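Protein chains: 2
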Amino acid sequence: MSSKLTAGDLQIISRIAVFRGLKAETVEQIIAPATAMMLRPHEWIVRQGDPATAFFIIIDGWVKLYRSAPSGDDTVIEIMTKGESFAEAVAFTGNRYFSTAEAVTEARVGRIPADHIVRCIRQSPDIALAMVASISQHLHHLVQQVEQLKAQSGVQRVAEFLASLSPAEQGHCSVALPYDKILIAGRLGLTPESLSRAFARLRTIGVVVDASHVMVKDVAKLRALAADDRSAVRGTLRPVR
Amino acid sequence: MSSKLTAGDLQIISRIAVFRGLKAETVEQIIAPATAMMLRPHEWIVRQGDPATAFFIIIDGWVKLYRSAPSGDDTVIEIMTKGESFAEAVAFTGNRYFSTAEAVTEARVGRIPADHIVRCIRQSPDIALAMVASISQHLHHLVQQVEQLKAQSGVQRVAEFLASLSPAEQGHCSVALPYDKILIAGRLGLTPESLSRAFARLRTIGVVVDASHVMVKDVAKLRALAADDRSAVRGTLRPVR
DNA sequence: GGCAATCCTTGATCAAGATCAAGGCGGCAA
DNA sequence: TTGCCGCCTTGATCTTGATCAAGGATTGCC
Numbered sequence: 000m001s002s003k004l005t006a007g008d009l010q011i012i013s014r015i016a017v018f019r020g021l022k023a024e025t026v027e028q029i030i031a032p033a034t035a036m037m038l039r040p041h042e043w044i045v046r047q048g049d050p051a052t053a054f055f056i057i058i059d060g061w062v063k064l065y066r067s068a069p070s071g072d073d074t075v076i077e078i079m080t081k082g083e084s085f086a087e088a089v090a091f092t093g094n095r096y097f098s099t100a101e102a103v104t105e106a107r108v109g110r111i112p113a114d115h116i117v118r119c120i121r122q123s124p125d126i127a128l129a130m131v132a133s134i135s136q137h138l139h140h141l142v143q144q145v146e147q148l149k150a151q152s153g154v155q156r157v158a159e160f161l162a163s164l165s166p167a168e169q170g171h172c173s174v175a176l177p178y179d180k181i182l183i184a185g186r187l188g189l190t191p192e193s194l195s196r197a198f199a200r201l202r203t204i205g206v207v208v209d210a211s212h213v214m215v216k217d218v219a220k221l222r223a224l225a226a227d228d229r230s231a232v233r234g235t236l237r238p239v240r
Numbered sequence: 000m001s002s003k004l005t006a007g008d009l010q011i012i013s014r015i016a017v018f019r020g021l022k023a024e025t026v027e028q029i030i031a032p033a034t035a036m037m038l039r040p041h042e043w044i045v046r047q048g049d050p051a052t053a054f055f056i057i058i059d060g061w062v063k064l065y066r067s068a069p070s071g072d073d074t075v076i077e078i079m080t081k082g083e084s085f086a087e088a089v090a091f092t093g094n095r096y097f098s099t100a101e102a103v104t105e106a107r108v109g110r111i112p113a114d115h116i117v118r119c120i121r122q123s124p125d126i127a128l129a130m131v132a133s134i135s136q137h138l139h140h141l142v143q144q145v146e147q148l149k150a151q152s153g154v155q156r157v158a159e160f161l162a163s164l165s166p167a168e169q170g171h172c173s174v175a176l177p178y179d180k181i182l183i184a185g186r187l188g189l190t191p192e193s194l195s196r197a198f199a200r201l202r203t204i205g206v207v208v209d210a211s212h213v214m215v216k217d218v219a220k221l222r223a224l225a226a227d228d229r230s231a232v233r234g235t236l237r238p239v240r
């Protein structure tokens with residue numbers, strides 16, 4: 000289940016996110032005691048409520064963070080992939096993980112013990128600043144999610160999601176959905192049925208979804224819709240039967 | 000507008016949140032260059048998009064964090080009071096504040112320059128750990144908010160909010176709403192009208208709201224409702240006309 | 001091939017919450 | 001005192017999204 004990191008893993012880890020800006024030797028020192036986890040779909044990495052003893056970097060694959068209510072239903076908090084990290088902050092507090100992390104695809108995840116990092120920080124405090132920067136990203140992302148849930152309709156959230164997949168600011172583009180629609184629906188706080196209908200509505204502004212392929216005629220229009228700019232999509236977006 | 004911290008301010012600040020667990024002299028060193036801001040209602044502390052150069056500790060009063068969309072409407076992200084801090088993480092990144100912070104009541108807020116803290120951290124890294132712990136709290140709070148918005152109905156969020164005001168786990172209690180209902184509605188992602196109707200529904204399970212006074216007959220029932228435990232409130236909660 | 005399971009879509013219906021409109025009430029200033 | 005304004009509530013209506021139900025498409029397995 001757990002093994003040493005390969006040279007390739009190190010390459011990936013040191014180039015990304017959490018450790019951006021640190022010297023190569025510092026990064027090496029940090030990840031010295033790291034291990035790699037190989038996961039099959041549905042296997043979990045940590046469980047909500049477990050004492051936090053480490054944080055994680057995704058080397059490959061997709062991972063979802065979700066919370067389970069006593070009533071039984073799960074709420075997706077975040078979906079992450081290669082180069083992203085999670086549970087940094089809580090790992091330093093000794094508290095408990097507040098979400099479950101589960102592999103969505105086959106995945107490879109680096110595990111870094113918190114106590115080791117704490118030692119490293121005492122030795123070179125710059126590490127702390129790098130990690131705070133990474134944590135700040137997570138905060139920003141969550142703040143945006145709260146804003147979206149409170150202020151945007153389902154169709155708008157879908158539009159924003161599609162726009163975020165598109166590399167371009169405007170013009171047309173063709174992208175692939177990164178994971179299945181049930182999961183996308185969860186990410187956006189919708190049921191699969193509602194997501195399906197949202198896609199149907201977006202057809203009226205030139206978005207064609209076929210399985211995991213999405214053709215967007217005009218990305219700018221998508222963004223305008225997400226931003227509530229009614230003039231950009233006036234008269235369109237009728238419900239589709 | 001900005002002045003020195005009083006001895007009383009120092010008392011409050013050093014006892015709370017961000018600096019918990021640090022030695023008194025360390026705290027003193029950190030807040031040496033801090034200033035106090037006195038604010039009237041509606042005055043802002045920082046603006047969304049401003050470069051982040053400091054973080055803040057609320058000494059007294061209430062402060063709301065909110066984001067403004069290009070379309071004009073505002074989304075409440077968080078409402079905070081005495082002893083709470085904000086913008087810690089982003090202050091270290093040099094990025095821009097991602098919400099506006101505005102006084103809701105008269106308020107007194109301590110401002111701590113980020114560059115100074117960075118120097119302190121290099122000198123004694125324990126500060127970083129204390130701050131990460133505080134940031135972790137913020138993360139947890141946001142995660143909970145996302146969960147609530149995605150998984151709970153408006154009435155449930157209101158129930159949870161009221162339950163959180165009550166010191167007791169169960170039994171009856173009487174509390175005061177901490178700020179006006181428009182703001183409570185914003186915090187919970189509802190319109191004032193919907194909040195009003197949610198309160199009306201809760202009357203059927205023994206919650207009486209009169210102006211800012213709330214009488215709760217059975218806090219346990221509130222919590223059960225928030226947690227989706229239908230058996231606890233079976234047959235009640237009919238819409239009220 | 002046939003079968004089952006999963007994913008996705010579509011339709012019909014229902015419930016939740018937003019919106020629009022109106023009115024009560026309390027505080028405050030002239 | 002009067003009048004105004006902002007907060008709050010209530011009613012009527014509309015929109016959004018959830019739920020329930022059914023069926024098509026794909027995939028994997030025997």
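If you're matching them up, the sequences are chains A and B in order.
Following numbering that gives the first Met the number 0, the numbering of the first sequence begins with 0 at its first residue and continues without gaps.
Following numbering that gives the first Met the number 0, the numbering of the second sequence begins with 0 at its first residue and continues without gaps.
Just so you know, even glycine gets a beta-carbon here, dropped at the ideal spot from N, CA and C.
The structure presented is a predicted model; accordingly, all values stated were derived computationally and were not measured.
Cβ contact (3+ pairs, closer than 8 Å) linking the segment 35 to 50 of chain B and the segment 96 to 108 of chain B: yes
For V239 of chain B, the three-state DSSP class (helix, strand or coil): With a pLDDT of only 47 at V239 of chain B, under the threshold of 50, the placement of this residue in the model should not be trusted, and no figure is reported.
Cβ shell of V17 of chain A (< 7 Å), same chain only, five flanking positions each side left out: I56, S84, E87, A129, M130 and S133
Chain B within 9 Å of E146 of chain A, Cβ atoms only: yes
Close Cβ partners of R156 of chain B (< 6 Å) along its chain, the five nearest in sequence each way excluded: Q147 and L187
Status (buried if at least 16 other CB within 10 Å, exposed otherwise) for D114 of chain A: exposed
Sequence-distant residues of the same chain with beta carbon closer than 7 Å to R14 of chain A, five excluded per side: none
Rounded separation between P69 of chain B and L221 of chain A - CA only: 15 Å
Separation of L194 of chain A from I241 of chain A, as counted between CA atoms: Shown here, chain A extends from 0 to 240; a query on residue 241 of chain A therefore has no answer.
Closer than 9 Å to chain B by CB, L21 of chain A: no
C-beta atoms of F91 of chain A and S135 of chain B nearer than 9 Å: yes
Test: L221 of chain B CB closer than 9 Å to a CB of chain A: no
Distance, G82 of chain B Cα to A23 of chain B Cα: 17 Å
Assigned secondary structure, V174 of chain B (DSSP; H/G/I helix, E/B strand, else coil): strand
Beta-carbon neighbours of K180 of chain A, restricted to chain B and to distances below 7 Å: The premise fails here: K180 of chain A is roughly 17 Å from chain B at the closest Cβ pair, so nothing lies under 7 Å.
One or two residues paired with T269 of chain A in a DSSP bridge: Chain A is shown only over 0 to 240; residue 269 of chain A falls outside these bounds and no answer can be derived.
Backbone CA spacing between Q10 of chain A and A33 of chain A [nearest angstrom]: 14 Å
A100 of chain B Cβ short of 8 Å to the ligand SAH heavy atom set: Absence of the ligand SAH from the depicted structure is noted, as is the absence of any ligand whatsoever, leaving it without description.
Under 9 Å between C-beta atoms of V145 of chain B and I116 of chain A: no
N- and C-terminal bounds of the beta strand (DSSP E) containing V17 of chain A: Unbroken run through V17 of chain A: none, as it is neither H nor E.
Burial state of R263 of chain B (16 or more Cβ within 10 Å): Residue numbering for chain B in the displayed model covers 0 to 240; residue 263 of chain B lies beyond these limits and cannot be assessed.
Cβ of T74 of chain B within 9 Å of any chain A Cβ: yes
Proximity to Q47 of chain A [Cα-Cα], best of A:A31, A:D73, A:T25 and A:A127: A:D73
Chain B contact for R233 of chain A (CB, 9 Å cutoff): With a pLDDT of only 43 at R233 of chain A, under the threshold of 50, the placement of this residue in the model should not be trusted, and no figure is reported.
Terminal residues of the beta strand (DSSP E) in which P112 of chain B lies: A106 to P112
Sequence-distant residues of its chain with Cβ nearer than 7 Å to I242 of chain B (five each side left out): Residue 242 of chain B falls outside the range modelled here, since chain B spans only 0 to 240, and no answer is possible.
Beta-carbon gap between S173 of chain B and M214 of chain B smaller than 9 Å: yes
Cβ distance (whole Å) where P50 of chain B is taken to contact R95 of chain B below 8 Å: 6 Å
Neighbour list for D227 of chain A in chain B, Cβ cutoff strictly below 9 Å: A68, P69, S70, G71 and D72
Any C-beta of chain B under 9 Å from that of Q143 of chain A: yes
Residues of its chain near K3 of chain A, where Cβ-Cβ distance is below 8 Å and the 5 sequence neighbours each way are ignored: T34 and A35
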